[in-house]
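Please read the structure below before turning to the comments.
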Amino acid sequence: MTDSVNLRAVVLDILMEINEKGEFSHLLINNALTKYQYLDKNKRAFISRLSLGTIENRIELDYIIDQFSKTPVRKMKPLIRNICEMSVYQIIYMDNIPDSAVCNEAVKLATKRGFTGLKGFVNGVLRNIARNKDNITYPDRNKDIEQYLSVKYSMPLWIVKMWHSQLGIDRTEEILAGFKQEKKTYIRCNTAKAPVEEIKRILSQESVSVADVEGIPYALEIKDYDYIAGLKSFRDGLYQIQDISSMTAGYMTGFKAGDTVIDVCAAPGGKSVNAAISVGTDGKVYSRDVSDYKAGLIEENISRLGLNNIEVQVKDALVMDESMKEKADVVIADLPCSGLGVMGRKPDIRYNITEDKLVSLKELQQSILSVVQAYVKQGGIMMYSTCTINSEENEANADWLCKEYGFKKIEYRQILPGKNGGTDGFFVAKLRRE
Numbered sequence: 003m004t005d006s007v008n009l010r011a012v013v014l015d016i017l018m019e020i021n022e023k024g025e026f027s028h029l030l031i032n033n034a035l036t037k038y039q040y041l042d043k044n045k046r047a048f049i050s051r052l053s054l055g056t057i058e059n060r061i062e063l064d065y066i067i068d069q070f071s072k073t074p075v076r077k078m079k080p081l082i083r084n085i086c087e088m089s090v091y092q093i094i095y096m097d098n099i100p101d102s103a104v105c106n107e108a109v110k111l112a113t114k115r116g117f118t119g120l121k122g123f124v125n126g127v128l129r130n131i132a133r134n135k136d137n138i139t140y141p142d143r144n145k146d147i148e149q150y151l152s153v154k155y156s157m158p159l160w161i162v163k164m165w166h167s168q169l170g171i172d173r174t175e176e177i178l179a180g181f182k183q184e185k186k187t188y189i190r191c192n193t194a195k196a197p198v199e200e201i202k203r204i205l206s207q208e209s210v211s212v213a214d215v216e217g218i219p220y221a222l223e224i225k226d227y228d229y230i231a232g233l234k235s236f237r238d239g240l241y242q243i244q245d246i247s248s249m250t251a252g253y254m255t256g257f258k259a260g261d262t263v264i265d266v267c268a269a270p271g272g273k274s275v276n277a278a279i280s281v282g283t284d285g286k287v288y289s290r291d292v293s294d295y296k297a298g299l300i301e302e303n304i305s306r307l308g309l310n311n312i313e314v315q316v317k318d319a320l321v322m323d324e325s326m327k328e329k330a331d332v333v334i335a336d337l338p339c340s341g342l343g344v345m346g347r348k349p350d351i352r353y354n355i356t357e358d359k360l361v362s363l364k365e366l367q368q369s370i371l372s373v374v375q376a377y378v379k380q381g382g383i384m385m386y387s388t389c390t391i392n393s394e395e396n397e398a399n400a401d402w403l404c405k406e407y408g409f410k411k412i413e414y415r416q417i418l419p420g421k422n423g424g425t426d427g428f429f430v431a432k433l434r435r436e
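Under the working numbering, the residue at position 207 of the sequence shown is numbered 209, and the numbers go up by one with no gaps.
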C-alpha cells in the first residue's frame with residue numbers, strides 16, 4: 003500500500019491548493035499527515051519538509067528559477083511553476099537527494115499531470131540549475147540590504163521595510179533567520195490531572211524525550227515522538243500542545259485561585275485551558291468565540307483534558323454582553339491579527355497579508371477592545387496579545403487602550419523568533435484597570 007503513494011505528487015497537490023486556491027498550509031499538511039499516518043516517519047517527514055520548505059522559500063526559489071529560465075515564473079503554467087519550485091528546493095536544500103533523481107521525478111510529474119509537451123522545458127531548467135547551483139547570484143547586500151534580505155529569506159519586501167523601520171536592520175535579520183530555525187514542540191502540562199514530574203515519567207515510558215523549560219514550571223519541550231495524537235498520554239489529556247511564547251503570556255498573567263476569567267476570542271482554547279488549570283476548581287473561565295465551529299474546537303480540547311470549570315459560549319466579541327460588565331478578574335484578548343509572528347509554522351501568511359489588511363486589522367482590534375474592556379472589574383487585569391510583529395497592532399493598541407479607558411501599563415513583552423530558538427513571535431500587554 004505504501005509503495006503506491008507518490009510523495010512528490012502529494013506535495014504538489016498541497017502546493018497547488020495553497021498557491022492557487024489560497025488554502026492554509028498548516029491545515030493541508032496536517033490533513034495529509036493524518037491521511038498518510040500509516041507511512042513511516044521518514045516519508046511523512048519528507049511530505050512536511052518539502053511542502054513547508056517550498057512555501058517558506060518561494061521568493062528565493064523563484065529568483066533562482068528566473069536566472070536560468072527563458073520563461074519567467076510569473077508566466078509559467080501554475081502546475082509547472084509549482085513543480086519547478088519544489089524541485090529547486092530539493093536541489094538547493096535537500097543534499098541527501100541526488101539532483102538527477104529530482105529532475106527525473108519532476109519530469110514524471112509533469113507528464114502524469116498532462117504536460118508532456120513541457121517535460122523538456124522542466125528538465126532543461128532544473129538540470130541547468132543543478133549544474134550551476136554554486137554560481138547562483140543574489141542581490142548585493144551592500145547596495146540594497148532590504149532587497150537582499152527579501153530574497154535570501156523569502157519575505158515580501160514591504161514586510162522587510164516595515165520591520166527595518168520599526169526594529170532596525172539587525173533585529174529584522176535576526177527575526178528572518180529565526181523563522182528558519184528548527185521548530186520545537188512544547189506542551190503545557192495538565193496539572194489538574196497529574197504533577198509535572200508524573201507527566202514527565204509517563205512521557206519517558208512512551209520513549210518521548212522531555213526537557214524542562216526555564217521560567218515556566220508547567221512547560222516542557224518534547225521531541226523524538228512520531229505521531230503525537232497517537233500517544234496514550236495525549237489521548238488521556240495529560241497536556242496540550244502550546245508554543246512557549248503563548249504560555250509565556252499565560253504565565254505573565256498571574257492568575258489567582260478563584261479568579262473569574264473571560265477569554266473573548268478563545269478558539270482553539272489553549273489560553274482558556276491554561277487559565278482553567280491556573281484558577282482551580284473555585285475559579286471560572288468563560289471561553290468564547292464567534293461560531294459554533296470554533297466553540298466546538300474549544301469543547302473538543304477541554305473534553306480531552308477533563309476540565310470542568312470552563313463554560314464554552316458562542317459570543318461575538320464585538321457585541322457587548324451587559325451581564326458581564328465589570329465581572330472579570332482577568333480578560334484574555336488574544337485577538338485576530340496579521341500573524342506575522344507565526345510565519346515559521348504558517349509560511350503562506352507572508353504571501354496573503356497586505357498593508358491594507360494591517361490597517362483594517364488594527365481597526366478591528368480596537369473595536370473589540372473597546373467592547374471587552376468593559377468586562378474588567380476595578381483592579382482587574384486585561385491581557386491583550388497577538389501573534390504578530392507589528393508595533394501598530396501591538397504597542398500602539400495597548401497604549402491606545404490605556405489612554406482611552408483608564409488602564410495602567412504593567413508590562414509589555416515582544417517575543418521574537420530569533421531570540422528564542424524555534425519559538426513563535428508573540429506580543430503581550432498586561433494592563434490593570436485603575
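Heads up, the beta-carbon is just placed ideally off N, CA and C, and yes, glycines get one too.
Identified DSSP bridge partners for residue 316 = Here residue 316 corresponds to residue number 314 of the sequence shown, with the count starting at 1. In DSSP, residue 316 forms a bridge with 291.
Pick from 103, 238 and 200: whose alpha carbon is nearest that of residue 222?
-> For the purposes of this step, residue 222 is taken as residue 220 along the sequence shown, with counting starting at 1. That would be 200, whose Cα lies nearest to the Cα of residue 222.
Go through its chain and collect everything with a Cβ distance to residue 113's Cβ below 6 Å, but skip five positions before and after it.
-> Indexing the sequence shown from 1 puts residue 113 at position 111. Contacts found: 121.
For residue 373 and residue 322, the rounded distance between their alpha carbons | Position 320 of the sequence shown, counted from the first residue, corresponds to residue 322. Position 371 of the sequence shown, counted from the first residue, corresponds to residue 373. Cα-Cα distance, rounded: 6 Å.
Using only alpha-carbon positions, find the residue among 427, 347 and 336 that is nearest to residue 392.
-> Taking the sequence shown and counting its residues from 1, the one referred to as residue 392 is at position 390. Minimum Cα distance to residue 392 is reached at 427.
Where does residue 3 land, buried or exposed, given buried means 16+ other C-beta within 10 angstroms?
-> Position 1 of the sequence shown, counted from the start, is the residue given in the question as residue 3. Reliability of the predicted coordinates at residue 3 is poor, the pLDDT of 42 falling under 50, and the value obtained from them is presented with this limitation in mind. Flag for residue 3 reads exposed.
So, using beta-carbon positions, are residue 378 and residue 319 closer together than 8 Å?
-> For the purposes of this step, residue 378 is identified with residue 376 of the sequence shown, where counting begins at 1. For the purposes of this step, residue 319 is identified with residue 317 of the sequence shown, where counting begins at 1. Result no, Cβ atoms of residue 378 and residue 319 do not sit closer than 8 Å.
Closer than 7 Å by C-beta to residue 13: which residues in its own chain qualify, once you throw out the five before and the five after it? Chain order, please.
-> Indexing the sequence shown from 1 puts residue 13 at position 11. 49, 52, 53 and 88.
Contained alpha helix (DSSP H) runs [length at least 4] in the region 108-174, N- to C-terminal order | 121-133, 147-154 and 159-169
Every unbroken alpha helix (DSSP H) within the region 185-254, with a cutoff of 4 residues, ordered by chain | 198-207 and 234-237
Alpha carbon to alpha carbon, how far is residue 338 from residue 26? Give it in angstroms, no decimals.
-> Position 24 of the sequence shown, counted from the first residue, corresponds to residue 26. Position 336 of the sequence shown, counted from the first residue, corresponds to residue 338. Distance between the alpha carbons of residue 26 and residue 338 is about 16 Å.
Output the distance between the C-alpha atoms of residue 177 and residue 420, rounded to the nearest integer angstrom.
-> Locating residue 177 in the sequence shown gives position 175, counting from the first residue. Locating residue 420 in the sequence shown gives position 418, counting from the first residue. Distance between the alpha carbons of residue 177 and residue 420: 5 Å.
Given residue 390 as reference, the closest of 413, 429, 368 and 408 once Cα atoms are compared | Walking along the sequence shown from the start, residue 390 turns up at place 388. Residue 390 has its Cα closest to that of 429, out of 413, 429, 368 and 408.
Among 179, 161, 340 and 209, which one has its Cα closest to the Cα of residue 1?
-> Because residue 1 is not part of the residues shown, which for the chain are 3 to 436, the question remains open.
Bridge-paired residues (DSSP) for residue 413 = Working through the sequence shown from its first residue, we reach residue 413 at position 411. Its beta-bridge partners are 432.
State yes or no: is the C-beta of residue 171 within less than 8 Å of the C-beta of residue 147?
-> If you number the sequence shown from 1, residue 171 lands on position 169. If you number the sequence shown from 1, residue 147 lands on position 145. A contact, by the Cβ cut-off of 8 Å.
Would you say the region 190-198 touches the region 85-103, given that touching needs at least three Cβ pairs under 8 Å?
-> no
On the premise that residue 346 lies in contact with residue 110, defined as a C-beta separation below 8 Å, what is that separation, rounded to the nearest angstrom?
-> For this step, residue 110 is matched to residue 108 along the sequence shown. For this step, residue 346 is matched to residue 344 along the sequence shown. Between residue 346 and residue 110 the Cβ distance is about 32 Å, and since that is not below 8 Å, they are no contact.
Residue 56, DSSP secondary structure in three states = Along the sequence shown, one-based indexing puts residue 56 at 54. Helix, per DSSP.
Delimiting residues of the alpha helix (DSSP H) encompassing residue 278 | For the purposes of this step, residue 278 is identified with residue 276 of the sequence shown, where counting begins at 1. From DSSP, the alpha helix (DSSP H) with residue 278 extends over 272-281.
Would you grab the beta carbon distance between residue 211 and residue 225 for me? Rounded to a whole angstrom, and I think it's under 8 Å.
-> Residue 211 sits at position 209 when you count from the first residue of the sequence shown. Residue 225 sits at position 223 when you count from the first residue of the sequence shown. Sure, about 5 Å apart at Cβ, within 8 Å.
Exposed or buried, residue 62, counting other C-beta atoms within 10 Å across all chains shown (16 or more means buried)?
-> Stepping through the sequence shown from its first residue, residue 62 is reached at position 60. So residue 62 ends up on the buried side.
Taking Cβ positions, are residue 311 and residue 269 nearer each other than 8 Å?
-> As a first step, residue 311 must be located in the sequence shown, where it is residue number 309. As a first step, residue 269 must be located in the sequence shown, where it is residue number 267. Contact: no.
Could you give the DSSP three-state label for residue 4: helix, strand or coil?
-> Within the sequence shown, residue 4 is the residue found at index 2, counting from 1. Residue placement at residue 4 is flagged as unreliable, the pLDDT there being 47, under the threshold of 50; the coordinate-derived value follows with that caveat. The answer is helix: DSSP assigns residue 4 an H, G or I state.
Buried or exposed (CB count within 10 angstroms, at least 16 for buried), residue 133 | As a first step, residue 133 is located in the sequence shown; it is residue number 131 there, counting from the start. By the neighbour-count rule (16 or more Cβ atoms within 10 Å), residue 133 is not buried but exposed.
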